[in-house]
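Report on the structure given below.
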Amino acid sequence: MNIKKWGLVAVAGMLAATLTLFGCSSGDQNAASDAAGADGSYQLVNGGKLTVAASLDFPPFENLNGDKPEGFAVDLMNALAKEMGLECEYLPSTKFDTIVPLIQAGGKADVGVSSFTITDKRLQQIDFTDSYCDVNQSITVRKDSGITDVTQLEGKKIGAQSGTTGYEWAAENIKDAEVTAYDEMTAVFAALDSGQIDAISVDLPVANYYVKAYSDCEVIKEIPTGEQYAVVVSKENPELTKALNEALKAVRDNGTYDELVAKWLK
Numbered sequence: 001m002n003i004k005k006w007g008l009v010a011v012a013g014m015l016a017a018t019l020t021l022f023g024c025s026s027g028d029q030n031a032a033s034d035a036a037g038a039d040g041s042y043q044l045v046n047g048g049k050l051t052v053a054a055s056l057d058f059p060p061f062e063n064l065n066g067d068k069p070e071g072f073a074v075d076l077m078n079a080l081a082k083e084m085g086l087e088c089e090y091l092p093s094t095k096f097d098t099i100v101p102l103i104q105a106g107g108k109a110d111v112g113v114s115s116f117t118i119t120d121k122r123l124q125q126i127d128f129t130d131s132y133c134d135v136n137q138s139i140t141v142r143k144d145s146g147i148t149d150v151t152q153l154e155g156k157k158i159g160a161q162s163g164t165t166g167y168e169w170a171a172e173n174i175k176d177a178e179v180t181a182y183d184e185m186t187a188v189f190a191a192l193d194s195g196q197i198d199a200i201s202v203d204l205p206v207a208n209y210y211v212k213a214y215s216d217c218e219v220i221k222e223i224p225t226g227e228q229y230a231v232v233v234s235k236e237n238p239e240l241t242k243a244l245n246e247a248l249k250a251v252r253d254n255g256t257y258d259e260l261v262a263k264w265l266k
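Residue numbers for the sequence shown follow the working numbering, beginning at 1 and rising by one.
The following block contains the structure:
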């Protein structure tokens, strides 16, 4: 709570009113969890809310429609939060490669949900829930580039989003490539469209989404990397990971998950 220029009496009155209205203070995390129907064993940044950090430029999974988050993962997190008796609240769009450290540090968001692939490197810093989506990598080029195969990318300029497995794949697998990292996926496609780079390495569903808008670009190759997306959770909050896994199983069992796949990924 942010209280400025109040006397002691006013502060006390305001706190009392807040407690009466909401049933708990922002510092009483276990009470917030109990009120949401949880067992009180996991902690939340804000009582009664599941606070999410995401880079909202990765459609069809997470994106901004005006100032409103939307996409498959956004709808999924709302469904999970509902199963847990919580409200889902997204932070303003967060730079992708800062999200894992943010969750690790704690205090600002409960989870990171930005199409994170489960990797051993990330598991050294944070925990993952069970996976919620399987994906492969891909290569996208301009239609007029004359590039039809990955072998033609040797020594070329490749763009990818900073901190992603797409960046790592390009750096490790394209010989002598000049791989450039961008903060946002929109900037990567703008660079390809303007000829600043020769190709993009990115998750296939995202590439398929963007080429609908960038009609001069096309996906030339699906790379079978067999990646799995999952929700990022602090290692200090294992009961939250457990609760999210239970909620994920519930939305799979009740058909909600399949409805979201049909809506966003078909």
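Using N, Cα and C, we set each Cβ at its ideal position, and we do this for glycine too.
query                                                                                                         : result
Assumed close pair Lys156, Asp198 - CB separation to whole angstroms, cut-off 8 Å                             : 4 Å
Under 7 Å between C-beta atoms of Ser131 and Trp169                                                           : no
For Thr241 and Val233, believed in contact at Cβ under 8 Å, the rounded distance                              : 5 Å
Distance between Ser41 and Phe58 (C-alpha atoms, nearest Å)                                                   : 32 Å
Bridge partner(s) assigned by DSSP for Val206                                                                 : Val206 pairs with nothing; no bridge assigned.
Length at least 4, wholly inside the stretch 171–223: the alpha helix (DSSP H) runs in chain order            : 185–193, 204–213
Start and end residues, beta strand (DSSP E) containing Pro69                                                 : 68–70
Beta-ladder partner(s) of Ser138, from DSSP                                                                   : Val202, Glu222
Simplified DSSP state of Ala17, which is helix, strand or coil                                                : The pLDDT assigned to Ala17 is 38, lower than 50, so where the model puts this residue is not dependable; a value taken from the coordinates is nonetheless given after this. In this structure, Ala17 counts as helix in the three-state DSSP scheme.
Outcome for Gln125 when other beta-carbon atoms lying within 10 angstroms are tallied against a minimum of 16 : exposed
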